[in-house]
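Participant: Numbering (our numbering), first residue to last: 85 to 249. Glycine residues also receive a C-beta, built at the ideal position from the N, C-alpha and C atoms. One structure, as structure tokens, below. Some questions next.
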Amino acid sequence: MRRLLLTGAATLLGACAAPALQPGGGLVPGQSTETDVQRVMGSPAEKLAARGGGETWFYPTTPEGRMTYAARLQPDGVLSSFDQRLTKENISKVVEGKSTREDVRELFGPPFLTYRTRLGFEEWDYRVEVDMRKFDFLVDFGDDGIVKKAWLLHDPIYDAPGPRG
């Protein structure tokens with residue numbers, strides 16, 4: 085019995101020491117191909133033609149996850165980059181009165197939700213984590229496709245202690 089407990093404890097400690105699997109694990113920009121990306125990540129939620137050729141494949145982790153991974157493929161099908169797109173740095177690239185629907189889609193991929201506001205704007209909602217706090221990044225577009233307003237909406241329920249927090 086004691087040996088069984090020691091074996092179980094050793095196994096548990098070994099599992100704790102193992103590195104967590106990272107999305108895109110094993111993918112190497114400049115070497116991995118679109119076949120490798122699909123094998124590791126599965127089918128993308130969205131494929132967009134990239135400016136300058138190639139494609140960007142998006143892998144959102146919503147509804148509960150707050151990350152969207154983008155695999156950028158060159159025209160020859162070789163992976164050029166793999167990165168998390170829902171970041172504070174990328175949020176700062178959205179410029180009211182200048183950025184377009186296409187700019188936002190190419191930057192973040194598909195939104196978590198889309199709807200019309202009471203003021204008639206098309207609104208895209210991306211769930212994000214900024215500075216270890218959970219937000220919704222909301223982007224409103226006018227009929228011309230230009231960003232009219234973009235902001236982070238914090239929900240204090242995420243700060244509450246207990247199982248919801």
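Give the secondary structure of Val112 by DSSP, where H, G and I count as helix, E and B as strand, and everything else as coil.
Facilitator: For this step, residue 112 is matched to residue 28 along the sequence shown. Residue state, collapsed to three classes: coil.
Participant: DSSP on Pro147, reduced to helix/strand/coil?
Facilitator: Within the sequence shown, numbered from 1, the residue matching residue 147 stands at position 63. Note: Pro147 maps to coil in three-state DSSP.
Participant: If I follow the unbroken alpha helix (DSSP H) through Arg123, where does it start and stop?
Facilitator: One-based indexing of the sequence shown puts residue 123 at position 39. Looking at the DSSP string, the run of the alpha helix (DSSP H) that includes Arg123 is Glu118 to Met125.
Participant: Going by C-alpha distance, which of Val112, Gln158 and Glu190 is nearest Tyr143?
Facilitator: As a first step, residue 143 is located in the sequence shown; it is residue number 59 there, counting from the start. For Tyr143, the nearest C-alpha among the options comes from Glu190.
Participant: Closest to Ala136 by CA distance: which of Gln122, Arg156 and Trp235 is it?
Facilitator: One-based indexing of the sequence shown puts residue 136 at position 52. The amino acid occupying residue 136 in the given sequence is Gly; Ala does not appear at that position. Selected option, being the one with the closest Cα: Arg156.
Participant: Compare the Cα-Cα distances from Glu173 to each of Glu139, Val162, Phe192 and Met125 and report the closest residue.
Facilitator: Position 89 of the sequence shown, counting from 1, holds the residue named residue 173. Ranking Glu139, Val162, Phe192 and Met125 by Cα distance to Glu173 puts Phe192 first.
Participant: Check whether the Cβ atoms of Pro194 and Asp209 lie closer than 8 Å to each other.
Facilitator: Counting from one through the sequence shown, the residue named residue 194 turns up at place 110. Counting from one through the sequence shown, the residue named residue 209 turns up at place 125. Not in contact: Pro194 and Asp209 (Cβ atoms no closer than 8 Å).
Participant: DSSP three-state label for Glu180, please.
Facilitator: Here residue 180 refers to the residue found at position 96 of the sequence shown. Correct three-state label for Glu180: coil.
Participant: Is DSSP giving Leu105 helix, strand or coil here?
Facilitator: On the sequence shown, position 21 is the one that residue 105 refers to. The pLDDT assigned to Leu105 is 42, lower than 50, so where the model puts this residue is not dependable; a value taken from the coordinates is nonetheless given after this. Coil at Leu105, not helix or strand.
Participant: For Arg169, is the classification buried or exposed, using 16 other Cβ atoms within 10 angstroms of its Cβ as the cut-off for buried?
Facilitator: Within the sequence shown, residue 169 is the residue found at index 85, counting from 1. Arg169 should be labelled buried.
Participant: Roughly how many angstroms lie between the CA atoms of Ala212 and Gly109, to the nearest whole one?
Facilitator: Within the sequence shown, residue 212 is the residue found at index 128, counting from 1. Within the sequence shown, residue 109 is the residue found at index 25, counting from 1. Here residue 212 turns out to be Val, not Ala, going by the sequence shown. Spanning the two alpha carbons is a distance of roughly 22 Å.
Participant: Could you tell me the boundaries of the alpha helix (DSSP H) in which Phe192 lies?
Facilitator: For this step, residue 192 is matched to residue 108 along the sequence shown. Where Phe192 is concerned, the enclosing alpha helix (DSSP H) stretches over Arg185 to Phe192.
Participant: Counting only the same chain and skipping the five closest in sequence on each side, list residues whose C-beta sits under 7 Å from that of Thr91.
Facilitator: As a working mapping, residue 91 is identified with position 7 in the sequence shown. In this prediction, Thr91 scores a pLDDT of 45, lower than 50, which makes its location untrustworthy; no coordinate-derived value is stated.
Participant: Ignore the nearest five residues each way along the sequence and tell me which others in Leu111's own chain have a CB closer than 7 Å to its CB.
Facilitator: Position 27 of the sequence shown holds residue 111. Closer than 7 Å at the Cβ level, and outside the excluded window around Leu111, lie Asp120, Val121, Val124, Leu163 and Phe166.
Participant: Helix or strand or just coil, what does DSSP make of Asp220?
Facilitator: Sequence index remark: in the sequence shown, residue 220 carries index 136 (1-based). In the structure shown, Asp220 sits in a strand (DSSP, three-state: E or B).
Participant: Determine, using beta carbons only, whether Glu186 and Thr198 come nearer to each other than 8 Å.
Facilitator: Numbered from its first residue, the sequence shown carries residue 186 at position 102. Numbered from its first residue, the sequence shown carries residue 198 at position 114. No, these two residues do not count as a Cβ contact at 8 Å.
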